[in-house]
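Single-structure report; data block below.
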Amino acid sequence: SVIPIGVTFLNGMGSYSNSDGDFLVVSDFGTGRILKVDVTDPTDMQVSTLVGNTGTTPNGVTVVDQTAYVVNWGSNASVLSIDVETGEQSTVLGNSGLGNCDGVDHVWGSFVVSSWSPQRLSLFTMDDEGAWSEGETLVQGSPLSNPADLSINTAGDTYAVACSGNNTVYFGNLMDWNDVTEWAAPFDTHAAWAGAQLELAQAQDGQWTLRGFDLQGRQLGSHQVTLAQGTTCLSRSDIGTWLERAPLVEATFQPQVAHAGTFRTTLKQTVVR
9 SVIPIGVTFL NGMGSYSNSD GDFLVVSDFG TGRILKVDVT DPTDMQVSTL
59 VGNTGTTPNG VTVVDQTAYV VNWGSNASVL SIDVETGEQS TVLGNSGLGN
109 CDGVDHVWGS FVVSSWSPQR LSLFTMDDEG AWSEGETLVQ GSPLSNPADL
159 SINTAGDTYA VACSGNNTVY FGNLMDWNDV TEWAAPFDTH AAWAGAQLEL
209 AQAQDGQWTL RGFDLQGRQL GSHQVTLAQG TTCLSRSDIG TWLERAPLVE
259 ATFQPQVAHA GTFRTTLKQT VVR
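First residue of the sequence shown? That's 9 in the numbering used here, and the numbers climb one at a time after it.
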């Protein structure tokens with residue numbers, strides 16, 4: 009075990025690994041500190057301070073792509089992002105509309121957050137600039153009772169939250185990623201696999217944004233391309249080597265014509281290891 013010096017109420021925790029080793033990011037509810045624990049060698053774990061004082065009351069933590077996202081206690085609680093290497097802190101959601109946020113976990117570029125006021129589980133999405141959307145309610149009120157820490161399974165379709173008010177664990181379903189999710193646009197548009205290539209077709213000129221994810225919801229890579237009306241097949245060399253490693257590929261088309269609608273679909277593929 010490890011005992012950090014000067015802490016008063018260790019609370020939320022997220023984890024990540026990179027070429028430097030394995031790490032935990034831990035919030036101290038009492039002092040506002042964010043700690044980083046190097047657990048690469050369990051016999052010699054090292055603790056450092058990532059943020060000396062967030063200026064908030066930090067609670068739940070989850071780590072995505074070397075960024076720690078921290079939800080906070082208090083009224084109209086904010087959500088922070090912290091670079092796990094530099095400790096640089098920014099606010100991704102200044103006014104969540106939620107009071108006393110407790111737990112957080114991520115899936116497919118989105119985040120599930122538990123709050124006590126109201127008693128709610130909310131789903132937030134994050135845009136390419138890192139800003140969070142307004143929350144979508146997954147469940148509110150009974151059977152939730154002071155929903156605390158939560159976790160999402162690796163398939164990304166089920167969450168569980170520990171309710172401290174009635175000592176129960178509540179399970180719920182997220183979107184079924186075995187199905188293709190699609191936003192229809194008012195013109196003929198599609199994205200589909202054509203063998204090892206990705207076929208993109210659109211009835212208007214516009215820009216495609218492609219993002220690949222693994223089964224833990226971590227983004228593996230992205231690519232943007234502007235295409236004229238018609239059909240185009242793109243290969244791995246066109247898009248990037250991440251394409252062959254991504255079991256899920258999100259394809260979004262934004263036409264050049266204003267207010268013409270947006271198309272989005274998520275494609276699955278079998279990754280050979």
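A virtual CB, placed ideally from N, CA and C, is assigned to each residue, including glycine.
- Around T278, the same chain offers P255 as residues with beta carbons nearer than 8 Å, after the five sequence neighbours per side are excluded.
- Per DSSP, reduced to three states, the secondary structure at R128 is strand.
- The closest CA to that of S35, considering only E93, N84, T62, is found on T62.
- Between the alpha carbons of T166 and E93 lies a gap of roughly 31 Å.
- Annotation: the continuous beta strand (DSSP E) that includes S25 extends over 18 to 26.
- Residues of the same chain with a CB within less than 6 Å of the CB of V79, apart from the 5 flanking positions on each side, are N67, G68, V87, C109, V112, V121 in chain order.
- Assignment of R219 by DSSP, reduced to helix, strand and coil, places it in the strand class.
- Here the region 229 to 248 does not lie against the region 171 to 184, with fewer than 3 beta-carbon pairs under 8 Å apart.
- Ranking S125, G38, T162 by CA distance to the CA of S150 puts S125 first.
- Nearest in C-alpha terms to A204, of all of Q212, Q227, T249, is T249.
- The beta carbons of E258 and F221 sit about 7 Å from each other, so the pair counts as a contact at 8 Å.
- With respect to the C-alpha of T162, the residue from S27, V115, I247 having the closest C-alpha is V115.
- The residues G107, in chain order, have a CB closer than 7 Å to that of S83 in the same chain once the five nearest residues on each side in sequence are set aside.
- For D30, the enclosing beta strand (DSSP E) starts and ends at 29 to 36.
- Judged by DSSP secondary structure, I42 falls within the beta strand (DSSP E) whose first and last residues are 42 to 46.
- Residues of the same chain with a CB within less than 7 Å of the CB of V55, apart from the 5 flanking positions on each side, are V10, P12, L43, V45 in chain order.
- Between T217 and Q232 a beta carbon distance of about 5 Å is seen, short of the 8 Å cut, so the two are scored as contacting.
- Bounds of the beta strand (DSSP E) holding S56 are 54 to 59.
- Rounded to the nearest angstrom, the gap between the Cα atoms of D135 and G225 is 14 Å.
- Looking at the DSSP output, I13 shares a beta bridge with no other residue.
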